Amino acid sequence: MKNDLQLKKDVEQELEWDPAINAADIGVQVHDGIVTLSGHLHSYAEKLATKRATQRVEGVRAVVVEMVVAVPNEHRRTDADIASTARTVLLWSAGLSERAVQVTVEKGCVTLTGEVDWGYQMLAAEKVVAHLRGVNTVFNDIRIKRRAAPTDITSKIESALRRHAEEDARHISVHVADGTVTLRGNVSSLDEKTMACNAAWSAPGVRHVIDEMSVGRP
Numbered sequence: 001m002k003n004d005l006q007l008k009k010d011v012e013q014e015l016e017w018d019p020a021i022n023a024a025d026i027g028v029q030v031h032d033g034i035v036t037l038s039g040h041l042h043s044y045a046e047k048l049a050t051k052r053a054t055q056r057v058e059g060v061r062a063v064v065v066e067m068v069v070a071v072p073n074e075h076r077r078t079d080a081d082i083a084s085t086a087r088t089v090l091l092w093s094a095g096l097s098e099r100a101v102q103v104t105v106e107k108g109c110v111t112l113t114g115e116v117d118w119g120y121q122m123l124a125a126e127k128v129v130a131h132l133r134g135v136n137t138v139f140n141d142i143r144i145k146r147r148a149a150p151t152d153i154t155s156k157i158e159s160a161l162r163r164h165a166e167e168d169a170r171h172i173s174v175h176v177a178d179g180t181v182t183l184r185g186n187v188s189s190l191d192e193k194t195m196a197c198n199a200a201w202s203a204p205g206v207r208h209v210i211d212e213m214s215v216g217r218p
C-alpha cells in the first residue's frame, strides 16, 4: 500500500502528464490517502480534468477540491453569450429536445434545470456546458422524469458492472427502490467507483443514484 508521500508524488506526476492541466498552478496535499487539491485555474474544464486525473491514481481514497476558477480577461464572456452558446451546444451535443433543459447564467455560474428521460442525458448536459469558455461553475439541477422501471433493472446494472470490471463487480451490491439505485461495497479505485455510478445511471428507469461505496479492499 502506498504511503502519503508516494501517493502525492504519483498524483503530481499524473497532473503533469495530462495535457489538459497546467500542473504548475495546482497544489497537492495528501493525508491518509485523501488528496486535497488547491490553486487557481483558468477554466472550469481544467478543474474537472484535474479531479478526474487525481481519481485515476491508484490508492487515492477521496479527493477534496479547494481550487478556484479565475477566468482570464481574454477568455471572459458575457452571461448572455454563455447562455446562448450553452443552449446551442445542448441541442447539438446532448440530443435533448428544445424545452428539456433551461439555462440560467449569473457571473459565469451556469445553472441547468428541467427534466430529461435518461440519467445519461443529465450527465451529458453538464459535461458539454462545463467546457464552454467563460464558465467558472456549473450547478446541475436537472431532474429525471418518473417512468416505469423494468423489473430486471438490478440484473441489468449488475451485468453492466461485470462487463466493465469483473473483479470489482463481485464486491458491489445493487439495491433498487422506486427508481433510486443504491450502490454499496468496496472498489479498488475512485475510477472504478465512477464507472459503477455511470453504469447505474445508464440503466432504464433510474432517477437517482446513491453512492455508498468505499475505495480499498477491507
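When you line the sequence shown up against the UniProt record's numbering, it's residues 1 to 218, in that order.
Just so you know, even glycine gets a beta-carbon here, dropped at the ideal spot from N, CA and C.
Keep in mind the model is a prediction, meaning the values are calculated, not measured.
Taking C-alpha positions only, Gly216 is separated from Asp10 by approximately 17 Å. The Cβ neighbour count for Thr54, taken over all protein chains shown within 10 Å, is at least 16; the residue is labelled buried. Three or more beta-carbon pairs drawn from the region 105–115 and the region 74–87 are found closer than 8 Å, and the two stretches are therefore classed as touching. Nearest Cα to Arg184 within the set Asp178, Leu190, Glu192, His171: His171. Assignment of Ser202 by DSSP, reduced to helix, strand and coil, places it in the coil class. In this structure Ile210 is exposed. Its beta-carbon is surrounded by fewer than 16 other beta-carbon atoms within 10 angstroms.
Scanning its chain for C-beta atoms nearer than 8 Å, with the 5 sequence neighbours on each side dropped, one finds around Ile21 the residues Leu15, Glu46, Ala49, Thr50, Ala53, in chain order. Counting of Cβ neighbours within 10 angstroms places Met122 among the buried residues, the total reaching 16 or more. According to the DSSP assignment, Glu58 belongs to no alpha helix (DSSP H), since it is labelled neither H nor E.
Per DSSP, reduced to three states, the secondary structure at Met122 is helical.
With a 10 Å radius around the Cβ and a threshold of 16 neighbouring Cβ atoms, Leu96 comes out buried. The region 17–37 makes contact with the region 61–70: 3 or more CB pairs, one atom from each, lie closer than 8 Å. Secondary structure of Asn140 (DSSP, three-state): strand. Counted as a single uninterrupted DSSP element, the stretch harbouring Glu98 is not any alpha helix (DSSP H), since DSSP gives it neither H nor E. Taking a contact as a CB-CB distance under 8 Å, the pair Val135 and Ser93 does not count as one, their CB atoms being some 14 Å apart. Closest by C-alpha distance to Arg207, out of Glu126, Trp118, His164, is Trp118. Counting along the chain, Ile210 sits inside the beta strand (DSSP E) bounded by residues 208–215.
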